[in-house]
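Reminder that position 266 of the sequence shown reads as 266 in UniProt numbering, one-by-one numbering, no gaps.
Ideal Cβ placement from N, Cα and C applies to all residues, glycine included.
Below is one structure, written out as structure tokens; the observations come after it.
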Amino acid sequence: MINWINFLHFYQPPNSSVQEVQKITTECYQPWADFLDCRRDLHVTINFTACLAQALAQIGQQKLLNRFAKAAARGQIEFFDSAAFHPILPLMPKDEINRQICINRDINQKLFGHAYQPQGFYLPEMAYDYGTAQIIKKHGYQYIILDQIAFDGTLSTKIDGQLKYKIKNIGLGVIFRQRAMSRSLVPQTIEQQIIGKEKNEEQNLITATDGELYGHHYLDWLPIYERLLARKSIRTMTIAEYWQKLSAEKTVAPKKCSWESTQAELKKGQPYILWQNPKNKIQKYLWQLTYLALDLVNGRPNDSNHYAARLHLERGLASCTFWWASKKDFQLFSAIAWHPEMVEKGARDLLNAIRSLEKVSKAEKIKAEKKFTKIRELIWTTHWQ
Numbered sequence: 001m002i003n004w005i006n007f008l009h010f011y012q013p014p015n016s017s018v019q020e021v022q023k024i025t026t027e028c029y030q031p032w033a034d035f036l037d038c039r040r041d042l043h044v045t046i047n048f049t050a051c052l053a054q055a056l057a058q059i060g061q062q063k064l065l066n067r068f069a070k071a072a073a074r075g076q077i078e079f080f081d082s083a084a085f086h087p088i089l090p091l092m093p094k095d096e097i098n099r100q101i102c103i104n105r106d107i108n109q110k111l112f113g114h115a116y117q118p119q120g121f122y123l124p125e126m127a128y129d130y131g132t133a134q135i136i137k138k139h140g141y142q143y144i145i146l147d148q149i150a151f152d153g154t155l156s157t158k159i160d161g162q163l164k165y166k167i168k169n170i171g172l173g174v175i176f177r178q179r180a181m182s183r184s185l186v187p188q189t190i191e192q193q194i195i196g197k198e199k200n201e202e203q204n205l206i207t208a209t210d211g212e213l214y215g216h217h218y219l220d221w222l223p224i225y226e227r228l229l230a231r232k233s234i235r236t237m238t239i240a241e242y243w244q245k246l247s248a249e250k251t252v253a254p255k256k257c258s259w260e261s262t263q264a265e266l267k268k269g270q271p272y273i274l275w276q277n278p279k280n281k282i283q284k285y286l287w288q289l290t291y292l293a294l295d296l297v298n299g300r301p302n303d304s305n306h307y308a309a310r311l312h313l314e315r316g317l318a319s320c321t322f323w324w325a326s327k328k329d330f331q332l333f334s335a336i337a338w339h340p341e342m343v344e345k346g347a348r349d350l351l352n353a354i355r356s357l358e359k360v361s362k363a364e365k366i367k368a369e370k371k372f373t374k375i376r377e378l379i380w381t382t383h384w385q
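Written out as structure tokens, the structure reads:
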């Protein structure tokens, strides 16, 4: 018997256009709701980042969110919590981590109702460190999901899927996804590489991907998924169902990493290099502007324009602002991570967060303007070269 534990991360950047969200809703979120309605034997774990759930509600898709809530009430879906606006949590101050966790829970409980009872937590980009895990545990979550490289810094160690791993000195549970399989159209890979080679003992497949893999990136996923569900040798499970059946426990000390980290990067002590590369001048100035904005906005909670400043700040903190400046070539898996408009849009939100504040000196605002001007110059000089 194969237990397939599939995790879907649904997210769109908080500064996405209405047209972009509508397009992906048609391609991905609507088909998933239909699929869950039709196949009541399908179990899956889903994280809706709150900025996406909010965007869906704002474009008139509350009924769609209600359908996912009903699937959760039926036991088909396990919801995972996250940070509301998708920042790289280990690179955030503690108070910002706490704030984004609380905002995510509040928004999603409002939009999904009583069915939203998350026990698990998804770190954006699976970017992990020990300090963030401590905060997550204090918020009452039972487990997180990480990439397999977090286990010991390599991709070669076989992780025992029959063990309930818990983080040393914290007690927070951790599930490790299988990277190679997750970096594919997962149902197709299972059909091609696993079916017909089943072992006599129970086998656990743990996969985790962007939910938009289905429908937005791969169009013809549904027939393959349905064929797998029709097989008696495959059982789909939520992470909670999988976790509950485990008995033997083992402590583990996960490494700092993300779900894109390489062994070489971890050896160099660069677990988040995609978003914070010391050799990347654009990212260098982005982080200078980021920490300036965090300090000025969060340090002035009584400013008359604090709410507006927070809205801009939250959009600018999204991981996409930094990821699209990385210029990393993912070769066959995806395109080069370079999108000058997205980087500039995120940087402008960080700048506008500071511009919005009333109780900030002209000197601080001019400092922010200069950093933004430098970022913009670097973006477009890099692009046209």
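Close-in-space but distant-in-sequence residues of the same chain around residue i (CB under 6 Å, 5 per side omitted)
| i | result |
| --- | --- |
| Q288 | K371 |
| Q19 | none |
| E27 | G215, H216 |
| A318 | P13, P14, F85, H86 |
| H43 | Q76, T236, M237, T238 |
| A293 | L313, L350, A353, I354 |
| G316 | G346, D349, L350 |
| T209 | S182 |
| Q62 | none |
| K374 | Y285 |
Cβ-based burial, residue i [other Cβ within 10 Å; buried from 16]
| i | result |
| --- | --- |
| C38 | exposed |
| A187 | Residue identity differs from the one stated: residue 187 is Pro in this sequence, not Ala. Buried. |
| E358 | exposed |
| Y307 | exposed |
| I88 | buried |
| H9 | buried |
| K245 | exposed |
| K345 | buried |
| A127 | buried |
| Q385 | exposed |
| Q162 | exposed |
| L146 | buried |
| E125 | buried |
| Q100 | buried |
| G196 | exposed |
| residue 389 | Because residue 389 is not part of the residues shown, which for the chain are 1 to 385, the question remains open. |
| I366 | exposed |
| H47 | In the sequence under discussion, the amino acid at residue 47 is Asn, which differs from the His named in the question. Looking at its Cβ environment, which holds 16 or more other Cβ atoms inside 10 Å, N47 is buried. |
Close beta carbons around residue i, own chain, < 8 Å, minus the five adjacent residues each side
| i | result |
| --- | --- |
| N277 | Q270, Q283, S326 |
| Y143 | Q119, G120, F121, L172, G173, V174, I175, I239, W243 |
| R310 | V297, A353 |
| K164 | G173, W243, L246, S247, A248, E249, K250 |
| T207 | W4, I5, N6, F7, R177, Q178, M181, S182, V186 |
| L64 | T25, Y29, Q30, A33, L56 |
| Y141 | D81, P118, Q119, G120, F121, L172 |
Residue i versus the options, residue with shortest Cα-Cα distance
| i | options | result |
| --- | --- | --- |
| D160 | I273, Q385, T251 | T251 |
| R105 | D95, P87, A83, M92 | A83 |
| F7 | N302, Q30, F79 | F79 |
| E191 | I224, I5, V343 | I224 |
| D81 | G113, D152, A50 | A50 |
| L286 | T262, S247, E369, W221 | E369 |
| L228 | I194, Q263, E314 | I194 |
| L205 | A180, L350, L274, D95 | A180 |
| Q148 | L219, K197, A253, Q61 | A253 |
| H114 | N66, K367, V360, L219 | N66 |
| L378 | K328, T321, K281 | K281 |
| K138 | I97, N47, K279 | I97 |
| residue 428 | G140, Y130, T154, R74 | The structure shown does not extend to residue 428, since the chain is modelled only from 1 to 385, so the question has no answer here. |
| H339 | W380, K362, A363, L64 | W380 |
| residue 404 | S361, T321, Y291 | Only positions 1 to 385 of the chain appear in the structure, and residue 404 is not among them; the question remains open. |
| K328 | D129, K279, R376 | K279 |
| R40 | A73, Y11, V21 | A73 |
Proximity test, Cβ basis, 9 Å: residue i and chain B
| i | result |
| --- | --- |
| P124 | In the structure shown, chain B cannot be found, because there is only a single protein chain. |
Cβ shell of residue i (< 7 Å), same chain only, five flanking positions each side left out
| i | result |
| --- | --- |
| T157 | F151 |
| Y272 | I88, P90, L91, A127, S258 |
| L123 | L89, T132, I144 |
| A71 | L36, I77 |
| E202 | M1, N3 |
| W323 | L274, W275, A337 |
| A53 | L65, I107, N108, L111 |
| C320 | P13, M342, G346 |
Near the ligand NAD: residue i beta-carbon under 8 Å from a heavy atom
| i | result |
| --- | --- |
| I144 | You won't find the ligand NAD in this model; it holds no ligand whatsoever. |
Fully enclosed by the stretch 75-162, which alpha helix (DSSP H) runs are 4 residues long or longer?
Those alpha helix (DSSP H) runs which fall completely within the stretch 75-162 and span 4+ residues are 94-112, 130-138.
For the 8 Å Cβ check, are there 3 or more pairs between the stretch 256-265 and the stretch 332-347?
No: fewer than three Cβ pairs fall under 8 Å.
Just to confirm the assignment: which complete alpha helix (DSSP H) runs, minimum length 4, are found wholly within the stretch 197-264?
222-229, 239-245, all fully within the stretch 197-264.
What are the complete alpha helix (DSSP H) segments, minimum 4 residues, inside the stretch 338-377?
Runs of the alpha helix (DSSP H) inside the stretch 338-377: 340-356.
Using 8 Å as the cut-off, can you tell me whether the stretch 46-61 makes contact with the stretch 93-107, which would need three or more C-beta pairs spanning the two stretches below that distance?
They touch, by the three-pair rule.
Go through the stretch 10-60 residue by residue and report every complete run of the beta strand (DSSP E) that reaches 3 residues or more, in order.
If we require 3 residues or more, the beta strand (DSSP E) runs fully inside the stretch 10-60 come out as 44-48.
At which residue ranges does the stretch 277-328 contain complete beta strand (DSSP E) runs of 3 or more residues, listed in the order of the chain?
With a minimum length of 3 residues, no continuous beta strand (DSSP E) run stays inside the stretch 277-328.
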